[in-house]
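Read through the structure below, which is laid out as structure tokens, and then see the notes.
Residue numbers (our numbering): -19 to 63.
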């Protein structure tokens, strides 16, 4: 076996290693994207649950707001955020 044959074999092995590593990186990016989307969905659900819990924490205020919303008296700090 001469040096040219050894060089050709090592180039082939290096090319295969590059293709395998690119495939592995593509898999990792896809997996990371899936995990980030899942975390974003969970964050949205957690925020929705938190705001829903705050709105329904006091049954009397919730019932008053649902039955007589136009006449609801809000504190100034809240009314500026709502309007």
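From the three backbone atoms N, C-alpha and C, an ideal C-beta is built for every residue, glycine too.
query                                                                                                             : result
Going by the beta-carbon positions, is the gap between residue 35 and residue 42 smaller than 8 Å?                : yes
Which residue marks the beginning of the alpha helix (DSSP H) containing residue 43, and which one marks its end? : 39 to 47
Any idea what DSSP makes of residue 35, helix, strand or coil?                                                    : helix
In this structure, how does DSSP classify residue 26 when only helix, strand and coil are distinguished?          : helix
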